[in-house]
């Protein structure tokens with residue numbers, strides 16, 4: 009009988025973003041042994057991009073070829089579909105249409121490749137190495153430029169019928185409300201609770217409050233960070249920006265909890281740097297809108313992964329899942 | 009090697025409602041061999057209720073004891089928890105607190121008993137015998153006096169962390185909206201799209217439209233059925249009652265789809281008898297609020313089970329699942 013020595017297995021985690029693609033060699037304990045990145049948008053075709061990735065990774069892989077076993081590749085990408093292994097119509101990538109990433113990677117590298125979307129990869133990372141270790145039911149919400157989400161139910165990423173489950177950023181939280189800049193829908197979560205949404209709220213509130221410190225911020229610098237600084241100086245309008253954002257986020261989280269009854273909600277991304285300014289109203293309005301059977305049960309926690317590493321770790325976690 | 013002859017196995021399905029409890033002996037093909045019912049609220053204690061159930065079922069079970077094998081009991085009940093086998097604080101049952109139904113039933117009948125809530129049981133029934141046969145991802149919505157739901161993800165009922173997942177009737181669809189008669193929350197789905205919600209909408213609209221036929225209905229008879237009859241006569245306010253209800257339902261369904269990406273949504277219950285008056289706006293607003301990747305993909309269908317049998321069938325389906 010041969011026993012597999014997991015400590016000797018390594019995987020490649022790749023996070024494809026619109027501008028940068030990060031990659032890393034990761035062991036089974038979630039330690040990133042090597043990492044690097046290439047420019048995503050510097051390659052006119054998906055094939056030339058994969059060639060470049062291969063060229064970048066080959067010297068690193070060679071370093072570890074004695075005594076370790078390279079098991080596979082995990083890729084997180086916008087609109088990445090786990091079922092089909094294809095990236096489908098990702099608006100922020102320069103390659104259009106349906107891209108058979110998993111198949112092309114497997115051909116090039118000669119090892120299995122699994123693909124999922126970036127938010128699901130983040131959830132995988134939290135489950136294997138982060139704040140959701142040991143949990144079988146949780147929801148991961150990424151509050152960055154947009155709002156992404158990965159839902160874990162009974163220990164598995166929820167993919168749904170076609171691989172597209174978990175688009176919580178596009179759930180309508182204010183029917184007839186703020187128009188989304190890209191989808192055109194009125195009132196989705198992302199229009200309020202992303203960094204982009206916070207900027208819109210801040211610009212609206214500073215017009216309505218001429219005395220606010222927010223009016224001293226140059227137009228193009230109104231963002232979550234500068235609003236936070238104004239809040240720290242006690243500016244009421246700045247504090248209201250986060251309270252308003254937190255209320256909407258909290259109401260949405262209550263709805264999510266009554267859907268899948270998770271043990272915890274893990275929050276990740278730049279927006280959470282506003283700390284209590286946003287988290288206190290979030291928690292308040294989440295609890296207020298829950299049925300009693302759900303109240304004071306669901307943990308609301310921040311990701312424990314370093315932002316720079318989380319995407320690589322999450323993608324690499326796919327290697328050991330499949 | 010012994011082969012289990014499934015055609016000889018039978019199970020008991022029990023549906024506990026606030027007033028009536030229905031039971032039936034069901035075979036593996038979903039045929040109800042025998043059925044009956046007792047009054048739920050005629051028994052002061054849960055123990056005396058179970059004694060009565062046992063007395064009612066014993067003669068039926070005896071009839072089938074030759075040549076068949078009684079495998080187990082499945083129970084659907086309000087606030088029934090699959091994980092714990094207990095009914096927890098069900099507002100419409102006369103027995104209060106936490107009731108260890110599964111344990112008491114197993115003791116009394118000497119065979120395994122599984123419990124779930126009534127909406128999950130209905131979803132099980134649809135999956136095994138109804139409109140969701142062969143589906144691994146779907147959402148069942150019951151539009152009756154209240155709004156119930158059962159969510160199936162990757163072939164399994166979604167129970168969540170604590171067994172309470174799938175309370176979609178309590179999801180807030182109109183923040184700050186209509187106050188729920190029981191929870192006190194503002195704007196939940198149930199406040200608009202249940203039979204109770206439709207009655208409220210109709211009473212509101214008939215006041216605002218003094219010429220409407222709705223004003224000819226006696227106060228205590230304003231319900232989904234009488235509003236439907238007025239709509240059939242071409243009454244604009246009556247038609248608007250269902251359009252408004254359908255819009256809110258459709259918006260909510262779009263949100264649910266972007267959560268779990270089901271293959272279909274199965275609708276059940278008295279409200280769907282309003283047919284196209286409610287379904288056309290439901291479908292329209294559902295599609296309108298979906299991201300393009302979800303549009304024109306999700307089937308919106310009615311239950312295929314007879315209303316009188318669905319609850320028994322659904323509960324009995326638990327027997328073969330566990």
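Residue numbers (the working numbering), protein chains in the order written: chain E, 9 to 330; chain L, 9 to 330.
Glycine is no exception: its CB is placed at the ideal position from the N, C-alpha and C atoms.
Beta strand (DSSP E) containing residue 1/E: first to last residue? A query on residue 1/E cannot be resolved here, the shown segment of chain E reaching from 9 to 330 and no further.
Candidates 248/L, 121/L and 71/L: closest to residue 286/L by CA position: 248/L
Please list the partners that residue 191/E has in chain L, where partner means a Cβ-to-Cβ separation under 9 Å. 299 and 300
Roughly how many whole angstroms lie between the Cα atoms of residue 164/E and residue 144/E? In a straight line, the C-alpha of residue 164/E is about 7 Å away from that of residue 144/E.
Should residue 9/E be flagged as near chain L, meaning a C-beta pair shorter than 9 Å? Here residue 9/E scores only 43 on pLDDT, less than 50, and its place in the model should not be relied on; the value that follows carries that caveat. False, the Cβ-Cβ gap to chain L never drops below 9 Å.
Under 8 Å from the C-beta of residue 176/L: neighbouring residues of chain E: Going along chain E in sequence order, the residues near residue 176/L (Cβ under 8 Å) are 266 and 267.
State whether the region 285-305 of chain L contacts the region 259-269 of chain L, with contact taken as three or more CB pairs (one from each stretch) at a distance under 8 Å. yes
Measuring straight from C-alpha to C-alpha, what distance separates residue 283/L and residue 184/L? Rounded to the nearest angstrom, the gap between the Cα atoms of residue 283/L and residue 184/L is 29 Å.
Could you tell me which residues DSSP pairs with residue 194/E in its beta bridges? DSSP output for residue 194/E lists 187/E as bridge partner(s).
Have a look at 322/L, 85/L and 114/L and flag the residue whose alpha-carbon is nearest the alpha-carbon of residue 106/L. 85/L
Which runs of the alpha helix (DSSP H) spanning at least 4 residues fall entirely within the region 220-256 of chain E, listed in chain order? Assignment of alpha helix (DSSP H) within the region 220-256 of chain E, counting only whole runs of 4 or more residues, yields 232-240 in chain order.
Is it true that the CB of residue 21/L sits closer than 9 Å to the CB of residue 32/L? yes
Alpha carbon to alpha carbon, how far is residue 9/L from residue 175/L? Below a pLDDT of 50, predicted positions are generally treated as unreliable, and residue 9/L, at 44, falls in that range; no measurement from the model is reported.
When the distance is taken between beta carbons, is residue 161/L closer than 9 Å to residue 148/L? no
Got a sec, what are the start and stop residues for the alpha helix (DSSP H) residue 179/L sits in? Neither: residue 179/L is in no alpha helix (DSSP H) and is coded neither H nor E.
Mind checking whether residue 133/L and residue 319/L have CB atoms under 9 Å apart? yes
Is it a yes or a no for the region 65-74 of chain L touching the region 89-109 of chain L, going by three-plus beta-carbon pairs under 8 Å? no
Closer than 8 Å, Cβ to Cβ, to anything on chain L: give me those residues from the region 154-187 of chain E, in chain order. Cβ contacts with chain L come from 159, 161, 162, 164, 166, 167, 168, 169, 170, 171, 172, 173, 174, 175, 176, 178, 179, 180, 181, 182 and 183.
Taking only three categories from DSSP, how would you classify residue 126/E? helix
Whole-angstrom distance between residue 98/L and residue 321/L, CA atom to CA atom: 22 Å
Proximity test, Cβ basis, 9 Å: residue 144/L and chain E: yes
Between the alpha carbons of residue 302/E and residue 129/L, how many angstroms are there, rounded? 21 Å
What residue range is occupied by the uninterrupted beta strand (DSSP E) comprising residue 370/L? Coverage of chain L is limited to positions 9 through 330, which leaves residue 370/L absent and any answer about it impossible.
If you reduce the DSSP assignment to three classes, tell me which class residue 45/L lands in. strand
Out of curiosity, what's the CA-to-CA distance linking residue 180/E and residue 323/E? 29 Å
Can you list, in chain order, the residues of its chain with a C-beta nearer than 6 Å to that of residue 182/E? Leave out the 5 residues immediately preceding and following it. The residues are 195.
What separation, rounded to the nearest whole angstrom, lies between the Cα atoms of residue 159/L and residue 52/L? 33 Å
With DSSP run on the structure shown, which of helix, strand or coil describes residue 7/L? This structure gives no information on residue 7/L, because the portion of chain L shown stretches from 9 to 330.
Is there contact here, the region 218-227 of chain E with the region 242-256 of chain E, by at least three beta-carbon pairs under 8 Å? Proximity of the region 218-227 of chain E to the region 242-256 of chain E meets the contact definition, three or more beta-carbon pairs being nearer than 8 Å.
For a quick check, are the C-beta atoms of residue 331/E and residue 44/E less than 9 Å apart? The structure shown has nothing for residue 331/E, since chain E only spans 9 to 330.
Comparing the C-beta of residue 224/L with each C-beta of chain E, is any distance below 9 Å? no
Exposed unless 16 or more other CB atoms sit within 10 angstroms - verdict on residue 50/L: exposed
Would you say residue 319/E reaches chain L, if we count a Cβ-Cβ gap shorter than 9 Å as a contact? no
Suppose the cutoff is 7 Å on Cβ atoms and the five residues either side in sequence are ignored; what does the same chain contact list for residue 42/E look like? 32, 33 and 68
Have a look at residue 253/E and residue 193/L and give me their C-alpha separation to the nearest angstrom. 20 Å
State the Cα-Cα distance for the pair residue 188/L and residue 173/L, rounded to the nearest angstrom. Between the alpha carbons of residue 188/L and residue 173/L lies a gap of roughly 20 Å.
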